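Numbering (the working numbering), first residue to last: 8 to 77.
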């Protein structure tokens, strides 16, 4: 599955769990499980917020969603 670039969103955009779930077409709970299991890129923690870099997630999807190393 190739991710098409959203012309409005800059590549350095930080995504919340809902946005990542929309990109992956899954639930937010599944995104959290993938992240906790180390099967996707690690999120950044900004205080209490958890965010993923949009470009990192798009690259991961374009590579076929390989398990990330811890």
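For glycine and all other residues, C-beta sits at the position ideal for the given N, C-alpha and C.
Owing to the predicted nature of the structure, the values given are computational and were not obtained by experimental measurement.
Cutting at 6 Å between CB atoms, please list the residues of its own chain near residue i, excluding the five before and the five after it.
i	result
residue 67	48
Residue i and residue j look like a contact to me (Cβ under 8 Å); what is the Cβ gap, rounded to whole Å?
i	j	result
residue 38	residue 31	7 Å
With distances taken Cα to Cα, identify the nearest neighbour of residue i among the options.
i	options	result
residue 22	35, 28, 41, 58	58
residue 19	35, 45, 51	51
residue 73	61, 26, 46	46
Enumerate in chain order the residues of its own chain whose CB-to-CB distance from residue i is below 8 Å, with the five nearest sequence positions on each side excluded.
i	result
residue 28	34, 35, 37, 38
residue 56	23
residue 75	45, 46, 47, 48, 49, 67
When you compare only the Cα positions, how much space is there between residue i and residue j?
i	j	result
residue 26	residue 54	19 Å
residue 61	residue 43	18 Å
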